[in-house]
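Visitor: Numbering of the sequence shown is given in my numbering, commencing with residue 391 and proceeding in unit increments.
For every residue, glycine included, the Cβ atom is placed at its ideal position computed from N, Cα and C.
Model, not experiment: these values are computed from the prediction.
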Amino acid sequence: MHGGNTLIEKNTSQLRQHALETTTSKIALQPYHQAHLSHCLYILLQTLTCDFSTDMITHNWMATQKFPFPDFSINKKCKDHSKLLEWQTREKLSVEMWVEMSERGHSTETRETV
Numbered sequence: 391m392h393g394g395n396t397l398i399e400k401n402t403s404q405l406r407q408h409a410l411e412t413t414t415s416k417i418a419l420q421p422y423h424q425a426h427l428s429h430c431l432y433i434l435l436q437t438l439t440c441d442f443s444t445d446m447i448t449h450n451w452m453a454t455q456k457f458p459f460p461d462f463s464i465n466k467k468c469k470d471h472s473k474l475l476e477w478q479t480r481e482k483l484s485v486e487m488w489v490e491m492s493e494r495g496h497s498t499e500t501r502e503t504v
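#1: How long is the line joining the alpha carbons of I433 and A453, rounded to whole angstroms?
#2: Using 10 angstroms around the beta-carbon of C468, count the other beta-carbons present and answer buried if the total reaches 16, otherwise exposed.
#3: What is the C-beta distance between I464 and D445, in whole angstroms, given that I count them as a contact (C-beta under 8 angstroms)?
#4: Measuring only the C-alpha atoms, how far is K482 from E476?
#5: What are the residues that DSSP puts in a beta bridge with P460?
#6: Under three-state DSSP, which class holds L483?
#7: Taking the alpha helix (DSSP H) that S428 falls in, what are its first and last residues?
#8: Pull up the distance between the alpha-carbon of T448 and that of F462, whole angstroms please.
#9: Could you tell me the distance, in whole angstroms, from the CA atom of D470 to the CA atom of L438?
#10: Does DSSP put S472 in a helix, in a strand, or in coil?
#11: For a quick check, are the C-beta atoms of N450 and F459 less than 7 angstroms apart?
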């Protein structure tokens, strides 16, 4: 879901605006925006790399072409995301829960890293 959100939700226009401002005015992104942009693009990269398409692309002989021409008009079957979105809506943290967690602070338990 996150990879798709990077492309289609409001973050895209914000990221596009930041990228445009950065490339046209040569002003560096604020650290938060740079980290957020890097995170979203990395998630998108992981999605494209790990969930790659194995669709078969046929090549058809065309009277106007010397070699077979690829037919990219594949009829894909999209996934039904409604159940996932229902779960996400049902299980998401409210603003109040975020505030409570922030006030509680981080855990004092040590976390081992691999």
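Guide: In this structure, then:
#1: 43 angstroms
#2: exposed
#3: 5 angstroms
#4: 10 angstroms
#5: H449
#6: coil
#7: Taken as a continuous stretch (DSSP letters only), the alpha helix (DSSP H) holding S428 covers 421-440.
#8: 8 angstroms
#9: 19 angstroms
#10: helix
#11: yes
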